[in-house]
Amino acid sequence: MDTLTAARAQMGLSLGFHMVFAAFGIGLPLLMVIAEGLWLRTGRPHYLELARKWGKATGLLFAIGAVSGTALSFELGLLWPVFMKFAGAAVGPAFALEGFAFFIEAIFLGLYLYGWDRLSPRAHWLAGIPVAVSGMLSGAIVVAVNAWMQTPVGFERGPHGELVSVDPLAPFRTPSWVHLAVHSTLSCYTAVGFAVAGVYAAGLLRGRRDDYHRAGLTLAMLLGAAAALLMPLSGDLNGRVVAKHQPAKLAAMEALFETRAGAPLLIGGLPDPATGTVRFGLEIPYGLSLLAAHDPNAVIRGLNDFPSDERPDVVWVHLAFQVMVGAGFLLAALGLWFLWAWWRGRVVESRRLLQALLLGSPLGFVALEAGWVVTELGRQPWTVYGVMRTREAVTPAAEVTASLAVFTLLYLGLAAVLVVLLRRLATGGPSGAKGGSHAA
Amino acid sequence: MPLEEIVAGYGLLGVIAYAVLAGADFGGGIWDLFAGGPRRVQQRVAIAHAMGPVWEANHVWLIFVIVLLFTAFPPAFAALSIALFVPFHLVLIGITLRGAAFVFRGPEIRGPSASPWGTVFGVASVITPVLLGMSVGAVSAGSLRVNEGQVRIEGPPPWLAPVSVTMGALALATCAYLAAVYLTNETDGPLREDFRRRALLAGTVVVALAVLALPLIYWEAPDLWKGLMSVRVAPVLAAGAVVALVSGWALWRSRFRLARVATVGHVALLLLGWGLAQYPYLIYPDVTLHKAAANAATLRFVAVAVPVGLLVLLPSLWLLFRVFKGETART
Ligand code: HDD
Ligand code: HEM
Ligand code: HEM
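Heads up: the protein sequence lines correspond to chains A and B, in order. Start counting the first sequence at 5; every next residue gets the next number (this note's numbering). Start counting the second sequence at 158; every next residue gets the next number (this note's numbering).
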């Protein structure tokens, strides 16, 4: 494998891995704080059990998030030294702000996880709030870096192409940041809400119809459903930013080869870049022009309009986009179904719904990973869109294939152990005893 | 003072904070691996208890340093990333395995023999600080050359240079020393005596390595030697040596709180001395603070943002340590 391919694979692996824990680090603390708050208000013990259980899972997942995030901070330089040399001063301030959010998150998580016996119940609950807030903020802030890579602004270049003057807050002034941050944050709540709900749906299906399982399912699904219903709206805003600023990415997402007015929206389909055709797709006339420009006759640029070395990989980007949007509508539908049943007080009675929630529980994470594939592969061949190519950014180091192999094994191993440990945690039921105040 | 020097100062403070805080967490892992005697289970429990609530917060200082480096001195970060590709990857593997093994093992320590995750945790805690120390040493070794942005290695890899290897060994011993001294403050009775003896042992090794390092630096890194002996730096190192003696004496006399303060002071002063001796080089001899500095707007942002962030951070850290390390917190 050549260095560039290996470096891209290692970056994608590391980010895809980290993202799972980042999402949990954003979603689980919120659930845990809500559950503990309900316990403080109602005094009903199953809320406390939920808070403790979710706290334990957060402790386990946060540690892996922290170490994989550390790996990422180094990998930015290890794999893309030329990019970081060029862009460090532009994206660094955002990372620095994120760093403070990490500090707050780690400090208060320590207080929360180990403070059950040392803080008053109210102080303990209050210690959870900064964890949830700074988790959300760190995600939104780091996405600004990505937004800058997608739609770079706020810098001037010197005679050798280096950055001579930079707006340190440029990542937050990019046209894409707000939309990416909202979409990405919502996606974390969606993914975690549905994933957690699946655990309790499984328990309920096995006949554990106690308050603990009911409340666990309801809280997780209220979060997941609310976020999932907002996803299509938020995603539409993202799509319009892409249409305006990254037309080649839009063409790849939609597998649109020829520039045309009144472009149709393609659903499904397997694009063939060699012939410039799509097989098995379903076309909705004028759909794409309507969605991207709010005008049925708007002209949308096709891939053939771009030089062949400025086109992203249409197969990956299109298929990943279909997966995300498909999963997104399924999740929204599941969310509606749940809300309807919840409104009528018949969640637990409907085996169909519980089975659907169990089957659908990984879909949020599927959509989340697929969406990042769209965003990151759709940006290719650029690392900084229109400014620096990925192949210019890569390291000259010779050992990338080896490091990729080692990291793949490492992450696969960690993932396998985590699945076992989380299963044990999930099937353990409420912890019952008072003492268990530790992380894992 | 030029902006880049202010920001470099923050970076050095971050290195010191990482060393005295996270260093002790590595040291905890070292003593977990070498737990022994009739109280080995209690030793491991005390270590896990001391690390649990704080290690993740302590770890963030490393990220702080890295982010500061690539924000304020991007070419230096790029050059180090290229030249230290292998040791940095090994560090990452070590950090990942150590953190994962610590939480995978869980808080309950059963039975006198180490669990498999316990062993992974211990071994990774030994290897990682050595590699980190070696990587730090590489910036002083002089064999990492940077010319017009091209990175070239002269002779053996800079992280394997004698100076770097000594730094690695010193880092390991220092971590062990810090942890043992802190643990004497968090334990009682015979367990405390166990850690006192370990602290004395580690402290002796630190002193021996430091003495060994001096001629090595003199022969192998004459410019670093000149820096260390300059009027700017020598007093700092002298103060560090005095404080080191105080910490040894305090341990000997079982004055544990004094020992803790003096040990922190000792490590901080040595690192401060090293940082000052290194000035103005980030990577000796080609990359200086001034040449590698980012544009003024970014530096100004960092110069202001860090103190403002510390206004929130320091009270939070104080709360964390008060709850878990304060007088009333001992169990
Ligand atoms: C639970 C996960 C999830 C769900 C249900 C959706 N998305 Fe999404 N989407 C993501 C998770 C995600 C993401 C977190 O993976 C991305 C990658 C970057 C980002 O900020 O969000 C993303 C990116 C992303 C982009 C690319 C933005 C860019 O490259 O600049 C578009 C156009 C959409 N989404 C559109 C949609 C639409 C129309 C959806 C309708 C149902 C949808 N998403 C559901
Ligand atoms: C190149 C990109 C990224 C880098 C360099 C990075 C870096 C890091 C680092 C260093 C940590 C550890 C902090 C600690 O010890 O507490 C971390 C954790 C975290 N990161 Fe990332 N990250 C990246 C991408 C992302 C993305 C895309 C998101 C979210 C949308 C995200 C969200 C989080 C969150 C919430 C945490 C907290 C830890 C957890 O809950 O797992 N990160 N990241
Ligand atoms: C905010 C956070 C993120 C930042 C700053 C970021 C940054 C980067 C950088 C610097 C590269 C290498 C350069 C390049 O290939 O153009 C890259 C590539 C990549 N990233 Fe991201 N990324 C982020 C989030 C994510 C997430 C969450 C995922 C995945 C789930 C992801 C998936 C990928 C993939 C697959 C690649 C390789 C793309 C390719 O080269 O074809 N990224 N990213």
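Positions of the beta carbon are idealized from the N, C-alpha and C atoms, including for glycine.
Exercise. Going along the stretch 108-127 of chain A in order, which residues come within less than 8 Å of chain D, judged by CB to CB distance?
Worked result: Looking for chain D here will not work: the only protein chains present are A and B.
Problem set entry | Cutoff 8 Å: ILE239 of chain B Cβ touching any chain A Cβ | Yes, ILE239 of chain B lies at the interface with chain A (some Cβ there is under 8 Å from its Cβ).
Problem set entry | ILE68 of chain A: contacting residues in chain B (beta-carbon distance under 7 Å) | Within 7 Å Cβ-Cβ: ALA257.
Exercise. Cβ of VAL170 of chain A less than 8 Å from any chain B Cβ?
Worked result: Among the residues facing chain B, VAL170 of chain A is included, as its CB has a counterpart in that chain under 8 Å away.
For this session: At 9 Å on the CB atoms, spell out the chain B contacts of VAL410 of chain A, in chain order.
Result: Within chain B, the residues near VAL410 of chain A are HIS246 and ILE250.
Problem set entry | Members of the stretch 382-409 of chain A that neighbour chain B once the beta carbon cut-off is set at 9 Å | Here the close residues are THR399, PRO400, ALA401, ALA402, GLU403, VAL404, ALA406 and SER407.
Problem set entry | 7 Å Cβ cut-off: residues of chain B touching LEU17 of chain A | Correct list: empty, because the minimum Cβ distance to chain B is about 13 Å.
For this session: For the stretch 336-346 of chain B and the stretch 370-377 of chain B, state whether three or more C-beta atom pairs, one from each stretch, are separated by less than 8 Å.
Result: At 8 Å Cβ cutoff, the stretches do not touch.
Problem set entry | Straight-line Cα distance separating VAL480 of chain B from THR488 of chain B | Model confidence at THR488 of chain B stands at a pLDDT of 43, short of 50, so the residue's coordinates are unreliable and nothing is read from them.
For this session: Assign PHE191 of chain B to one of two classes, buried (16 or more other C-beta atoms within 10 Å of its C-beta) or exposed (fewer than that).
Result: So PHE191 of chain B counts as exposed.
Exercise. Given 8 Å as the limit, is there contact between the stretch 372-385 of chain A and the stretch 313-326 of chain A, that is, 3 or more CB pairs closer than that?
Worked result: The answer is yes - the stretch 313-326 of chain A touches the stretch 372-385 of chain A, with three or more Cβ pairs under 8 Å.
For this session: Provide the residue span of the beta strand (DSSP E) that contains ILE310 of chain B, from first to last.
Result: Counting along the chain, the beta strand (DSSP E) containing ILE310 of chain B begins and ends at 307-310.
Exercise. From what residue to what residue does the beta strand (DSSP E) around TRP120 of chain A run?
Worked result: Counting along the chain, TRP120 of chain A falls outside any beta strand (DSSP E), and DSSP gives it neither H nor E.
Problem set entry | Proximal chain A residues relative to VAL211 of chain B, where beta-carbon distance stays under 8 Å | For VAL211 of chain B, the residues of chain A that pass the 8 Å Cβ criterion are GLY114, in the order they occur in the chain.
Exercise. MET392 of chain A and PHE90 of chain A look like a contact to me (Cβ under 8 Å); what is the Cβ gap, rounded to whole Å?
Worked result: With a contact defined as Cβ atoms closer than 8 Å, MET392 of chain A and PHE90 of chain A qualify at about 6 Å.
Exercise. Using a Cβ-Cβ distance under 8 Å, would SER72 of chain A count as near chain B?
Worked result: Judged by the 8 Å Cβ criterion, SER72 of chain A is in contact with chain B.
Exercise. Going by DSSP, which residues form a beta bridge with LEU270 of chain A?
Worked result: LEU270 of chain A is bridged to A:GLU287.
Exercise. Span of the beta strand (DSSP E) holding TRP386 of chain A?
Worked result: Judged by DSSP secondary structure, TRP386 of chain A falls within the beta strand (DSSP E) whose first and last residues are 386-388.
Exercise. Name the residues in the stretch 436-468 of chain B whose C-beta lies less than 7 Å from a C-beta of chain A; which are they?
Worked result: Residues are counted here when their Cβ sits less than 7 Å from a Cβ of chain A; for the stretch 436-468 of chain B these are ALA451, ASN452, ALA454, THR455, PHE458, VAL459, ALA462 and GLY466, given in chain order.
Exercise. What in chain B is Cβ-close to ALA11 of chain A, meaning under 7 Å?
Worked result: Below the 7 Å Cβ cutoff, chain B contributes no neighbours of ALA11 of chain A, its closest Cβ being approximately 11 Å away.
For this session: Establish whether the CB of PHE221 of chain B and some CB of chain A are separated by less than 8 Å.
Result: Taking Cβ atoms only, chain A reaches closer than 8 Å to PHE221 of chain B, which makes this a yes.
For this session: Ignore the nearest five residues each way along the sequence and tell me which others in GLY31 of chain A's own chain have a CB closer than 6 Å to its CB.
Result: CYS192, TYR193 and VAL196, listed in sequence order.
Exercise. Does the separation of the CB atoms of ALA434 of chain B and GLY184 of chain B fall below 8 Å?
Worked result: Cβ distance not < 8 Å, so ALA434 of chain B and GLY184 of chain B don't count as in contact.
Exercise. When we look at the beta-carbon of TRP152 of chain A and count the other beta-carbons within 10 Å, is it buried (16 or more) or exposed?
Worked result: TRP152 of chain A is buried by the Cβ-count criterion.
Exercise. Beta carbon of SER188 of chain A: closer than 7 Å to some heavy atom of ligand 1?
Worked result: Yes - ligand 1 has a heavy atom lying nearer than 7 Å to the Cβ of SER188 of chain A.
Exercise. Any idea what DSSP makes of ALA401 of chain A, helix, strand or coil?
Worked result: Per DSSP, reduced to three states, the secondary structure at ALA401 of chain A is coil, with no helix or strand assignment.
For this session: Compute the minimum distance between the beta carbon of LEU335 of chain A and the heavy atoms of ligand 1, and state whether it is under 7 Å.
Result: Result yes, Cβ under 7 Å from ligand 1.
For this session: Tell me whether GLN326 of chain A counts as near ligand 1, meaning its Cβ is closer than 7 Å to at least one heavy atom of that ligand.
Result: Using a cutoff of 7 Å, the CB of GLN326 of chain A does not count as near ligand 1, since none of the ligand's heavy atoms is closer than that.
Exercise. Chain A beta carbons: is any one of them nearer than 8 Å to that of VAL198 of chain B?
Worked result: Not an interface residue.
Problem set entry | Interfacial residues, the stretch 470-482 of chain B to chain A, with Cβ spacing under 9 Å | When C-beta distances to chain A are compared with 9 Å, the residues of the stretch 470-482 of chain B below that value are LEU470, SER473, LEU474, LEU476, LEU477, VAL480 and PHE481, in chain order.
Problem set entry | Opposing strand residues paired with LEU167 of chain A [DSSP bridges] | For LEU167 of chain A, which the question treats as bridged, DSSP gives the partners A:ARG161.
Exercise. Since GLY306 of chain A contacts LEU260 of chain A with CB under 8 Å, what's their CB separation in whole angstroms?
Worked result: Taking C-beta atoms under 8 Å as the contact rule, GLY306 of chain A and LEU260 of chain A qualify, at a distance of about 5 Å.
For this session: Just tell me which of A:ALA296, A:VAL329 and A:GLY272 has its CA closest to the CA of GLU287 of chain A.
Result: Ranked by Cα distance from GLU287 of chain A, the first of A:ALA296, A:VAL329 and A:GLY272 is A:GLY272.
Exercise. Near GLY364 of chain A, what residues of its chain come up, given a Cβ to Cβ distance below 8 Å and the 5 sequence neighbours on each side ignored?
Worked result: For GLY364 of chain A, same chain residues with a beta-carbon under 8 Å away, outside a window of 5 residues either side, are PHE198, GLY202, LEU334, LEU335 and LEU338 in chain order.
Exercise. Contact check, GLY325 of chain B vs GLY306 of chain B under 8 Å by CB: the rounded distance?
Worked result: The distance from the Cβ of GLY325 of chain B to that of GLY306 of chain B is about 28 Å, inconsistent with a contact at the 8 Å cut-off.
Exercise. From this set, A:LEU361, A:VAL24 and A:GLN14, which residue's C-alpha is nearest SER188 of chain A's C-alpha?
Worked result: Ranking the options by Cα distance to SER188 of chain A, first place goes to A:VAL24.
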